[in-house]
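Here's the structure we're looking at; comments come further down.
In our numbering, the protein residues as written are 64 to 213.
What follows is the structure, given as structure tokens:
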């Protein structure tokens, strides 16, 4: 079994931050509390930065996995699926983060009072959770492949 890898450790941070940010955006719109909307914005900023790091660590984990041809052959479909979802997730998170930064800097009232960001964040949260579930499937496939080798 491979030694400690940073990707499975880091990946939980953007998933949690985006999910809580979606909840905070929803609360902010429903209760008309700017504290929640601003907190959601801050969480998205942190999640955006961490998502880039997670993406890089995912590439490193994939490169490390590719060193073992037997394991790679056993988990190729899972790896391709998760890597595709992960790449898309990073780009979506960065795009939403940049769009939100722009809307705040331009003082767009719809960015703090409307339903756009709560809906976008709920969809983004669902996407990153789905990506995480694909990561769990990949992890289980890797574990099963290592056990089959021994």
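Just so you know, even glycine gets a beta-carbon here, dropped at the ideal spot from N, CA and C.
Does the beta carbon of residue i fall short of 8 Å from some heavy atom of the ligand GTP?
i, result
"residue 211", "Inclusion of the ligand GTP in the displayed structure is not the case, the ligand content being empty and no account of it being possible."
Only counting the same chain, and skipping five residues up and downstream in sequence, which positions put a Cβ closer than 8 Å to that of residue i?
i, result
"residue 146", "121 and 125"
If you count every other CB in all the chains shown that lies within 10 Å of the CB of residue i, and 16 or more means buried, which is it?
i, result
"residue 192", "exposed"
"residue 75", "exposed"
"residue 141", "buried"
"residue 136", "exposed"
"residue 134", "buried"
"residue 194", "buried"
Return the Cβ separation of residue i and residue j in integer angstroms, given the expectation that the two are a contact with Cβ distance under 8 Å.
i, j, result
"residue 73", "residue 109", "At roughly 12 Å, the Cβ-Cβ gap does not stay under 8 Å, so residue 73 and residue 109 are not in contact."
"residue 84", "residue 184", "6 Å"
"residue 97", "residue 175", "7 Å"
Hey, residue i and residue j: beta-carbon distance below 9 Å or not?
i, j, result
"residue 138", "residue 204", "yes"
"residue 302", "residue 160", "This structure cannot speak to residue 302, because the chain is shown only from 64 to 213."
"residue 114", "residue 71", "no"
"residue 156", "residue 111", "yes"
Skipping 5 residues on each side, what residues in its chain have a beta carbon closer than 6 Å to that of residue i?
i, result
"residue 118", "153"
"residue 200", "141"
Counting only runs that start and end within the stretch 80–133, where is the beta strand (DSSP E) found for 3 or more residues in a row? With a minimum length of 3 residues, no continuous beta strand (DSSP E) run stays inside the stretch 80–133.
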